[in-house]
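**Student:** Here it is, the structure, as structure tokens.
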């Protein structure tokens with residue numbers, strides 16, 4: 034029997050790779066990917082500094098790319114993997130897109146949507162968290178340590 038490599042851990046590793054790309058260019062290291070039918074259809078990392086755009090969060094960019102790929106504003110058959118809990122802005126956009134499932138690694142106790150509006154996601158969206166939270170947290174720690182230098 035062939036082992037399925039397309040696990041939640043596999044997809045979260047892809048999101049972490051995106052977060053590393055963000056870190057490499059001096060952005061807050063958040064990465065996101067969107068999966069449909071076990072295929073990555075969009076991936077992105079934060080570009081707020083690069084684009085001088087406060088809305089250029091990984092989730093927003095991945096959401097736009099996935100919608101373009103599917104030709105639909107709805108992601109009701111898609112899963113998003115993101116390295117840090119989405120903010121309220123991103124969670125609101127995910128609600129409008131009717132995302133099927135959100136998987137995020139580390140909580141964001143200061144800016145995460147659950148701190149502000151815990152029920153903002155679409156009522157059908159399934160949420161899980163904690164997968165590879167340590168790795169995501171380490172990337173954030175490296176970023177903020179560099180800022181303090």
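Residue numbers (our numbering): 34 to 182. The C-beta atom is built at its ideal place from N, Cα and C for all residues, glycine as well.
According to DSSP, is residue 122 helix, strand or coil?
**Tutor:** Reading the chain shown from its first residue, position 89 is the one you call residue 122. Residue state, collapsed to three classes: helix.
**Student:** Look at the alpha carbon of residue 157 and the alpha carbon of residue 107, and state the distance between them as a whole number of angstroms.
**Tutor:** Translated into the one-based positions of the chain shown, residue 157 becomes position 124. Translated into the one-based positions of the chain shown, residue 107 becomes position 74. Cα to Cα, the separation comes out at about 13 angstroms.
**Student:** Can at least three beta-carbon pairs, one atom from the segment 79 to 89 and one from the segment 131 to 139, be found at a separation below 8 angstroms?
**Tutor:** No, the segment 79 to 89 does not touch the segment 131 to 139.
**Student:** Give me the Cβ distance between residue 48 and residue 114, rounded to the nearest whole Å; I'm assuming they're in contact under 8 angstroms.
**Tutor:** Taking the first residue of the chain shown as position 1, residue 48 is located at position 15. Taking the first residue of the chain shown as position 1, residue 114 is located at position 81. So it is a contact: roughly 4 angstroms between Cβ atoms.
**Student:** To the nearest angstrom, report how far apart residue 110 and residue 90 are at their CA atoms.
**Tutor:** In the chain shown, the residue the question calls residue 110 occupies position 77. In the chain shown, the residue the question calls residue 90 occupies position 57. Using only the alpha carbons, I get a separation of about 22 angstroms.
**Student:** Taking just the CA atoms, how far does residue 163 sit from residue 66?
**Tutor:** Within the chain shown, residue 66 is the residue found at index 33, counting from 1. Within the chain shown, residue 163 is the residue found at index 130, counting from 1. Their backbone Cα atoms lie some 16 angstroms apart in a straight line.
**Student:** Hey, out of 161, 69 and 38, whose CA is closest to residue 116's CA?
**Tutor:** Counting from 1 along the chain shown, the entry for residue 116 is found at position 83. Ranking the options by Cα distance to residue 116, first place goes to 161.
**Student:** Would you identify the three-state DSSP class for residue 170, choosing helix, strand or coil?
**Tutor:** Position 137 of the chain shown holds residue 170. Helix at residue 170.
**Student:** Using C-beta distances below 6 angstroms, list every residue in its chain close to residue 39, excluding the 5 sequence neighbours before and after it, in chain order.
**Tutor:** The sequence position of residue 39 within the chain shown is 6, counting from 1. Cβ within range, chain order: 71.
**Student:** Looking at residue 64: is its Cβ nearer than 7 angstroms to the Cβ of residue 78?
**Tutor:** Counting from one through the chain shown, the residue named residue 64 turns up at place 31. Counting from one through the chain shown, the residue named residue 78 turns up at place 45. Yes. Within cutoff.
**Student:** Whose C-beta lies closer than 8 angstroms to the C-beta of residue 56 among residues of the same chain, with five residues either side of it excluded?
**Tutor:** Position 23 of the chain shown, counted from the first residue, corresponds to residue 56. Here the set comprises 62, 172, 175 and 176.
**Student:** Do residue 92 and residue 119 have their CB atoms nearer than 7 angstroms?
**Tutor:** As a first step, residue 92 is located in the chain shown; it is residue number 59 there, counting from the start. As a first step, residue 119 is located in the chain shown; it is residue number 86 there, counting from the start. Cβ distance < 7 angstroms, so residue 92 and residue 119 count as in contact.
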